[in-house]
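First comes the structure, then the notes that go with it.
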Amino acid sequence: MTSPSDLPNAPFDMGEDTPSNRSDNPTLGDVIAARMSRRDLMRGALAVSVISGTVGPLAIAAAPRAARAIEGAKARFDFPEVAAGSDAMHHVAEGYDADVLIRWGDAVLAEAPAFDPAKPSAGAQETQFGYNNDFIGFLPLEGRSDRGLLVVNHEYTNDELMYFGLIGWTRKGKMASLSDEQIRASMAAHGGSVIEVERADGQWRVVKGSKYARRITASTPMDITGPAAGHGLMKTGADPSGTRVLGMLNNCAGGITPWGTWLTCEENFNFYFSGNDAAQASPLADTYARYGVPEDYYPWGRLDARFDMAREPNECHRFGWVVEIDPFDPTSVPKKRTALGRFKHEGAGNIVNSDGRFVVYQGDDQRFDYVYKFVSAGKIDVTKKAANRDLLDSGTLYVARFDADGRGEWLPLVAGHPKLTAFADQGAILIHARLAADALGATKMDRPEDIDVHAKTGKVFLMLTNNSKRTADAVDAANPRPENRFGHIIEMTPDGGDHAATGFAWEILVKCGDPSIAEVGATFNPATSKDGWFGMPDNCAIDADGRLWIATDGNNAQVTGRTDGLFALETEGPLRGTSRLFFRCPTGAELCGPCFTPDLETLFVAVQHPGESEDKNVPATTENPTSRWPDFKDGMPPRPSIVAITRKGGGKIGV
Ligand code: FEO
Ligand code: CA
Ligand code: CA
567 MTSPSDLPNA
577 PFDMGEDTPS
587 NRSDNPTLGD
597 VIAARMSRRD
607 LMRGALAVSV
617 ISGTVGPLAI
627 AAAPRAARAI
637 EGAKARFDFP
647 EVAAGSDAMH
657 HVAEGYDADV
667 LIRWGDAVLA
677 EAPAFDPAKP
687 SAGAQETQFG
697 YNNDFIGFLP
707 LEGRSDRGLL
717 VVNHEYTNDE
727 LMYFGLIGWT
737 RKGKMASLSD
747 EQIRASMAAH
757 GGSVIEVERA
767 DGQWRVVKGS
777 KYARRITAST
787 PMDITGPAAG
797 HGLMKTGADP
807 SGTRVLGMLN
817 NCAGGITPWG
827 TWLTCEENFN
837 FYFSGNDAAQ
847 ASPLADTYAR
857 YGVPEDYYPW
867 GRLDARFDMA
877 REPNECHRFG
887 WVVEIDPFDP
897 TSVPKKRTAL
907 GRFKHEGAGN
917 IVNSDGRFVV
927 YQGDDQRFDY
937 VYKFVSAGKI
947 DVTKKAANRD
957 LLDSGTLYVA
967 RFDADGRGEW
977 LPLVAGHPKL
987 TAFADQGAIL
997 IHARLAADAL
1007 GATKMDRPED
1017 IDVHAKTGKV
1027 FLMLTNNSKR
1037 TADAVDAANP
1047 RPENRFGHII
1057 EMTPDGGDHA
1067 ATGFAWEILV
1077 KCGDPSIAEV
1087 GATFNPATSK
1097 DGWFGMPDNC
1107 AIDADGRLWI
1117 ATDGNNAQVT
1127 GRTDGLFALE
1137 TEGPLRGTSR
1147 LFFRCPTGAE
1157 LCGPCFTPDL
1167 ETLFVAVQHP
1177 GESEDKNVPA
1187 TTENPTSRWP
1197 DFKDGMPPRP
1207 SIVAITRKGG
1217 GKIGV
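Here's what the structure looks like:
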């Protein structure tokens, strides 16, 4: 999701931009000087201060030596780099095709009518591909890489770019002028899609009438499972049991489990709730505030009482979870897995630990919020998929503390912990996971986005997208830059290769931004070209060959002189920290998804909110988007779409 304060006419910071963490957990300002990354010292040629947060003369002087050191080093990526820039088109590396596979409004279910942007309809939208495609997962059918299911999150709606007549829309006025049918259509454009796709004659297409096809919306019935199911805070007028909820909201990134299910993660759920006076008068006011509830952005409370805090004070507790869905059974009931905690989830990077327990790494995407991991109590059964059905309902949730010496500790959020006695039970700890993490002394991070695990090396890569609110006296070793506008990436190594261990080592892989501006303090490998650097890392993927790919959110002509895109980042050897641009978004869009088929011959990416404004003072609407990608037809709004990237003539991507 684009940083809301970067949107046109933002009256105040919103969503992930508004720090709600008022705990006094240390920012380690007094121990910053204690640490110099061991790797940086070892690689003296690339030495960059972890302390100052700027490149400074040391790194600049060292660059020529570094360049010499990498002569002849073997790159793990090999493709002609895309030129960075900004225009209304998408661009992919020479020698590749990048074809639109499915757009907002295209048919998912067999009965879907043709897309008609002039007539918003909830009924039609419930059968069509939703808006703002984000996470993509590919589940092979019959073990094939040319046929499978794509599962796609529909994170949120840009109503001002979907419907006509919202000219003059401002963020201050929010969405109050939407009609009832537009609101209902937008509710149906949220959630997710399951589509069957196949590649024939080199071309990917959606299989029409597939038995797997499914739309999940803001109204789809779901079960609440795990320790917080049935908790008093989960009970509502419509659901006195506290175990059944309608819909999922703001599903950002996610993950695929080894047993073939889709983990889809609710992020900025606070945007959908209204009723601020009631929230402030409530005995729960402090806990609401810690989650930014109610944000009062979407006017859904006008039509549906559950989004009005005055009428339904507990509904907000039923969002902010990881949802597990079986995409192979369109009748299956999605399950909100409360054992994984409630916060503004980004994704669910996961791995089977060496002892068979299942581990899920998770970011809470808000300034000064935390990094979590879940370790299952039980072990995965690789022989029977169904045996893992409830594996995510019991286990331990941990939050990370990053220490100044390059070590870190996972702190357990468990009832009975001496620092968590204020919480009545485990359900309350999970529902208010942010507050429990505050009490444990977790490290306040620069907006944790995606985390992914390298299946072979066990290295964990954490994207921290930016945090311009971090002040110079609040930097710490793991978040070393004041006014961190461009973000950084941390590499974590679990002790003994054990993902269930409570200890880990960490170091900064790269600080992002334009390396040619010394004040920015970027630390890309000097082998990175002027096109290859990026700001604001967001989603990531580690491909079957163990290479790291990074999608960005927030680059544009004004901020970095380039659109968002997909970058290939070297993580090992002398080229470590070298980035290359592979795919570039059209104007206004952020890139999400990146997802490879197992044979690495196809890369699916999700182009989200094309046409959005890049000028804070000039809102874009359906009448004047910054791009009408991908149709470029008068009267047709820009449409978030999935793009399938393949190599001309076949072969693996990026080698
Ligand atoms: Fe939805 Fe944190 O990006
Ligand atoms: Ca983001
Ligand atoms: Ca994201």
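According to the working numbering, the stretch in the sequence shown is residues 567 to 1221, in order.
No residue lacks a Cβ here, since even glycine has one placed at the ideal position from N, Cα and C.
Source: prediction; values computed, not measured.
Ligand 2 heavy atoms versus the CB of Y861: any closer than 7 angstroms?
Here residue 861 turns out to be Glu, not Tyr, going by the sequence shown. E861: no, Cβ never under 7 angstroms from ligand 2.
Within the continuous alpha helix (DSSP H) that includes R856, where are the two ends?
In this chain, the alpha helix (DSSP H) harbouring R856 covers A851 to R856.
How far does the alpha helix (DSSP H) with D746 in it extend, from its first residue to its last?
D746 to A755
L1006, enclosing alpha helix (DSSP H) - first and last residue
A999 to L1006
Can you tell me whether G709 is buried or exposed? The criterion is at least 16 other CB atoms within 10 Å of its CB, across all chains shown.
Here G709 is exposed. Its C-beta has fewer than 16 other C-beta atoms within 10 Å.
Does the distance from the CB of E647 to the CB of R1146 come in under 8 angstroms?
With a cutoff of 8 angstroms on beta-carbon distance, E647 and R1146 are scored as near each other.
Quick one: residues in its chain with C-beta nearer than 6 angstroms to the C-beta of G1053, no 5 flanking neighbours on either side, listed in chain order?
Contacts found: L1030, T1031, N1032, C1078, M1102 and P1103.
Just how far apart, CA to CA, sit N836 and D644?
42 angstroms
What's the C-alpha gap between D1119 and D665?
For the pair D1119 and D665, the Cα-to-Cα distance works out to about 21 angstroms.
Please determine whether the Cβ atom of E1015 lies at a distance below 7 angstroms from any heavy atom of ligand 2.
yes
Tell me whether the beta-carbon of W1115 lies closer than 8 angstroms to the beta-carbon of P1152.
no
Would you check whether ligand 3 has a heavy atom nearer than 7 angstroms to the C-beta of N1105?
Placement of the Cβ of N1105 at a distance of less than 7 angstroms from at least one heavy atom of ligand 3 is found.
Sort P679, G1215 and S1095 by Cα distance to G1143 and report the nearest one.
S1095
Tell me which residue opens and which closes the beta strand (DSSP E) that D531 is part of.
This structure cannot settle anything about residue 531, because the visible part of the chain is limited to 567 through 1221.
Pairs of beta-carbons, one from the stretch 910-918 and one from the stretch 824-833, closer than 8 angstroms: are there three or more?
yes
Compute the distance between the beta-carbons of L667 and I1208, then report whether it is under 8 angstroms.
yes
When the Cα of Y927 is compared with those of D947, K950 and Y964, which residue comes out closest?
Residue Y964 holds the alpha-carbon nearest to the alpha-carbon of Y927 among D947, K950 and Y964.
Considering only heavy atoms of ligand 2, does any lie closer than 7 angstroms to the CB of T1129?
no
Going straight from the alpha carbon of A659 to that of A1117, what length do you get?
Straight-line spacing of the CA atoms in A659 and A1117 works out to 15 angstroms.
For V918, which beta-bridge partners are listed by DSSP?
F924
Minimum C-alpha distance to F1170 - residue among A690, N1105, R884 and E890:
N1105
Please state whether DSSP places P1103 in a helix, a strand or coil.
strand
Where does M728 sit, in a helix, a strand or coil, going by DSSP?
helix
What do you get for L799, buried or exposed, if any count of 16 or more other CB atoms within 10 angstroms of its CB means buried?
buried
For A953, which residues from the same chain have a beta carbon less than 7 angstroms from its beta carbon, with the 5 sequence-adjacent residues on both sides left out?
D947
Per DSSP, which one or two residues make a beta bridge with G788?
The sequence as given places Met at residue 788; Gly does not occur at that position. Answer by DSSP bridge pairing, in chain order: V811.
May I ask you to list the residues that DSSP assigns as paired with P706?
G714
What residue does the alpha helix (DSSP H) around A845 start on, and which one ends it?
N842 to A847
Excluding five sequence neighbours on each side, which residues of the same chain lie with their C-beta closer than 7 angstroms to the C-beta of K1214?
G661, Y662 and D663
At which residue ranges does the stretch 1138-1176 contain complete alpha helix (DSSP H) runs of 4 or more residues, listed in the order of the chain?
none
Take D767 and list the residues in its own chain whose beta-carbon comes closer than 6 angstroms to its own, dropping the five residues that flank it on each side.
none
My parser needs the alpha helix (DSSP H) runs of 4 or more residues fully inside the stretch 642-695; what are they?
688-691
Taking DSSP's pairing of strands, which residues face Y938 in a bridge?
Q928 and V965
With contact counted as at least three CB pairs below 8 angstroms, one residue from each stretch, are the stretch 995-1011 and the stretch 932-945 in contact?
yes
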